[in-house]
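*Asks:* What follows is a structure written as structure tokens; I'll ask about it next.
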Amino acid sequence: MELSSFLSIIQGILEQGFIYGIVALGIYITYHILDFPDLSVDGTFPLGSAVTAVLLIHGVNPWLTILISFLAGACAGFLTGFFHVVLKIKDLLAGIITMTGLYSINLMITGYSPLLQIGDAKTIFNSGFLANLSNSFGVWKTFILIFLNTIVIKLFLDWYFKTKSGFLLRAAGDNENMITMLAQDKGKVKIIGLMLCNGLSATAGSVLCQQQRYFDSNSGTGMLVMGLASVIIGMTLLGKLAKIKGTTMVIFGAVLYKACIAVALNLRINPNNLKLIMAIIFLIALVSKDLFRKGGKQHASSDSHL
Amino acid sequence: MLHLTHIYKTFHTGTINETTLYHDFNLSVKEGDFISVIGSNGSGKSTLLNLICGTLQADKGSILLEEKDITNVKAYKRSSYIARVYQNPSMGSCASFSILENMAIAENKGKPFLFKKAVNKDRIDFYKTQLEKLHLGLENRIHDKVGNLSGGQRQALAMITSTLTPNKLLILDEHTAALDPKTADNIMELTNELILSKKLTTLMVTHNLKFALKYGNRLIMMHQGKAIMDQCQTEKQNLKLEDLLDKFNEISIESGN
């Protein structure tokens, strides 16, 4: 393989990894902290893309569209939380309801086109101060922007986990009873976690839409599986290193996951078999998590990478 | 200050397992009372605590705390003025949090959890003086994860954290039952010191008859949803372990055990 094509594969892995890393950060909150396998991310990821595509076509500031996507995702997350907490629907089913409903809603937003090109609309990659600044990085320009975006989100989460609200979220995952003892409503805490997670998932969908320049109604399929795999791969491989934060680990996990997929594709595997490969990677991640745990530190101490 | 009046509670209503536990149950607790509650399994001790804390709702009747009707107040809201320590030491703290972090969130009980930094470094000295009371050396380990502490240490910490903020009522739910005898003695002694120094109104459910006799100013024995023994002050001081055991045998024969 030539060096240039090798570099372009690496570039693709990093770009994808850091975009999907945002989803992994969200799933880190729901799955790792709250122990809630939230399938609504499969719907909120394309929701972010749909909102972004339409807004960009209407000439809205691309950074503002990311923020609006986050809010749209958070609203969807609120619904999942409402179904679970108020209507007492099981966690997995609550997510499935939101995911299923969103599929139609996403199409409604884009005027029922499952593939919506954004044409020559301005995105974060071709307009604004940051885009000009990163022009000097040549082909790496796109990655630099994606990287900065993800890192800012990561740093925001690191800060949030140190606040009182963040502590409450972490406490909810550690010992639900503590929330009641602290005179707080545990349902409310779960809803906040779900809103954050789905807001982040939609944010990732927004960035992907801006990079690929189109909305794809099917882009969310398998998002939870990908996110879970990223969280588990990252936490398993880097979990032994006490100094690394959980948020860093899951972004690393997402990059590694995308690397595995890229390797598979470059081995000339039929792309139709990709979902099977994703399932196998997920299976290996789940099994190896327990293998790594054996003889290692106990749950209590390995869980504290915040 | 706490009044339970005309409480009715039936479990599994409408099934063959239907059991009426409370039939017109009444209890009045005075300010500063330290009450030990004993009784066999299924006598209604735990249900009593759950009704007061709001984890269970009575079918009928009312609960008044300091003139305020709390019968329909949600459990988590009651927590802002009722402290509770559970039998299971891991219920009272977060394993993945350090001692310092656990104390920091405990001190924020009842207040909003917003976007201020959770751990205020200026409070470390205060936390340390609180931990020194335990004589367990925990004041030198405030950055250690609570998951690495022993059951006794965690229960001692739970006693401190649950009483860090002002409470109207302290509920002890067999809080020494999961500990070895020596540790149980220590925790009980510590509990007593805390209750006396903070003048906490306390309800303590225990299976340890010696603790029930030694500590507190009032003793209640529950049986089939009724307080079959309720002795205060001097009556309680004259009570002996044999009396309690006799009474226990009496009710056991009655219920065919």
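Chains as they are written, first to last, in UniProt numbering: chain Z, 1 to 306; chain V, 1 to 257. Ideal Cβ placement from N, Cα and C applies to all residues, glycine included.
1) When DSSP builds the beta bridges, which residues end up paired with residue 3 (chain V)?
2) Beta-carbon separation of residue 164 (chain V) and residue 106 (chain V) under 9 Å?
3) Do residue 157 (chain Z) and residue 70 (chain Z) have their C-beta atoms closer together than 9 Å?
4) The beta strand (DSSP E) spanning residue 232 (chain V) covers which residue range?
5) Would you tell me roughly how many angstroms separate the C-alpha atoms of residue 230 (chain V) and residue 93 (chain V), rounded to the nearest one?
6) Ignore the nearest five residues each way along the sequence and tell me which others in residue 73 (chain V)'s own chain have a CB closer than 8 Å to its CB.
7) Which residues, in chain order, does the region 213 to 244 of chain Z contribute to contact with chain V at a C-beta distance below 9 Å?
8) Measuring only the C-alpha atoms, how far is residue 83 (chain V) from residue 167 (chain V)?
9) Residue 105 (chain V) touches chain Z at which residues, Cβ-Cβ below 9 Å?
10) Taking the straight line between their C-alpha atoms, what separation do you get for residue 7 (chain V) and residue 162 (chain V)?
11) Going by DSSP, what residues sit across from residue 69 (chain V) in a beta bridge?
12) Does DSSP put residue 87 (chain V) in a helix, in a strand, or in coil?
13) Within the same chain, show all residues whose beta-carbon is closer than 7 Å to that of residue 183 (chain V), passing over the 5 residues directly before and after it, in chain order.
14) Is there a C-beta anywhere in chain V that falls below 9 Å from the one on residue 35 (chain Z)?
15) Short of 7 Å in beta carbon distance, which residues of its chain neighbour residue 286 (chain Z), apart from the five on each side in sequence? Order them along the chain.
16) Is the CB-CB distance between residue 303 (chain V) and residue 60 (chain V) below 9 Å?
17) Is the number of C-beta pairs between the region 19 to 35 of chain Z and the region 183 to 194 of chain Z that are closer than 8 Å three or more?
18) In the region 95 to 121 of chain Z, which residue ranges form an unbroken beta strand (DSSP E) of at least 3 residues, counting only runs that do not cross its ends?
19) Determine, using beta carbons only, whether residue 186 (chain Z) comes closer than 9 Å to chain V.
20) Do the region 201 to 210 of chain Z and the region 44 to 52 of chain Z meet, that is, are 3 or more Cβ pairs less than 8 Å apart?
21) Give the range of the beta strand (DSSP E) segment to which residue 262 (chain V) is assigned.
22) Please state whether DSSP places residue 76 (chain V) in a helix, a strand or coil.
23) Rank V:237, V:77 and V:103 by C-alpha distance to the C-alpha of residue 123 (chain V) and give the top, closest one.
24) Kindly indicate which residue of Z:275, Z:273, Z:177 and Z:219 has the alpha-carbon position closest to the one of residue 20 (chain Z).
25) Closest to residue 181 (chain Z) by C-alpha separation, out of V:186, V:236, V:171 and V:65, would be which residue?
26) Does any residue of chain V bring its CB to less than 9 Å from the CB of residue 175 (chain Z)?
27) Starting from residue 172 (chain V), follow the beta strand (DSSP E) in both directions and report where the run begins and ends.
28) Is residue 215 (chain V) helix, strand or coil by DSSP?
*Replies:* A quick look at the data gives this:
1) Per DSSP, the beta bridge partners of residue 3 (chain V) are V:28 and V:64.
2) Yes, the pair counts as a contact, with Cβ atoms nearer than the cut-off.
3) At least 9 Å separates the beta-carbon of residue 157 (chain Z) from that of residue 70 (chain Z).
4) According to the DSSP assignment, residue 232 (chain V) belongs to the beta strand (DSSP E) that extends over 226 to 232.
5) The alpha-carbon separation between residue 230 (chain V) and residue 93 (chain V) amounts to approximately 33 Å.
6) Around residue 73 (chain V): 54.
7) For the region 213 to 244 of chain Z, the set of residues with a beta-carbon nearer than 9 Å to any beta-carbon of chain V is empty.
8) Separation of residue 83 (chain V) and residue 167 (chain V) (C-alpha to C-alpha, rounded to the nearest whole angstrom) is 6 Å.
9) Against chain Z, a Cβ distance below 9 Å from residue 105 (chain V) picks out 164, 167, 168, 171, 178 and 182.
10) For residue 7 (chain V) and residue 162 (chain V), the distance between alpha carbons rounds to 28 Å.
11) DSSP, once it has assigned bridges, lists V:64 as partnering residue 69 (chain V).
12) Correct three-state label for residue 87 (chain V): coil.
13) Only residues of its own chain outside the window of five on either side were considered, and among them 152 have a CB closer than 7 Å to the CB of residue 183 (chain V), listed in chain order.
14) Not an interface residue.
15) Excluding sequence neighbours, residue 286 (chain Z) sits near 232.
16) This structure leaves residue 303 (chain V) out entirely; chain V is present only between 1 and 257.
17) Result yes; three or more Cβ-Cβ pairs closer than 8 Å.
18) Here the runs fully enclosed are 115 to 117.
19) At least one chain V Cβ lies under 9 Å of residue 186 (chain Z).
20) With a cut-off of 8 Å on Cβ pairs, the region 201 to 210 of chain Z is in contact with the region 44 to 52 of chain Z, counting three or more such pairs.
21) Past the boundaries of the shown model lies residue 262 (chain V); chain V is included only from 1 to 257, so the question cannot be answered.
22) Residue 76 (chain V) falls in the helix class under three-state DSSP.
23) Comparing Cα positions, the closest option is V:103.
24) For residue 20 (chain Z), the nearest C-alpha among the options comes from Z:219.
25) Across the set V:186, V:236, V:171 and V:65, the C-alpha of V:171 shows the shortest separation from the C-alpha of residue 181 (chain Z).
26) At least one chain V Cβ lies under 9 Å of residue 175 (chain Z).
27) 169 to 173 is the span of the beta strand (DSSP E), which, as asked, contains residue 172 (chain V).
28) Here residue 215 (chain V) sits in coil by DSSP.
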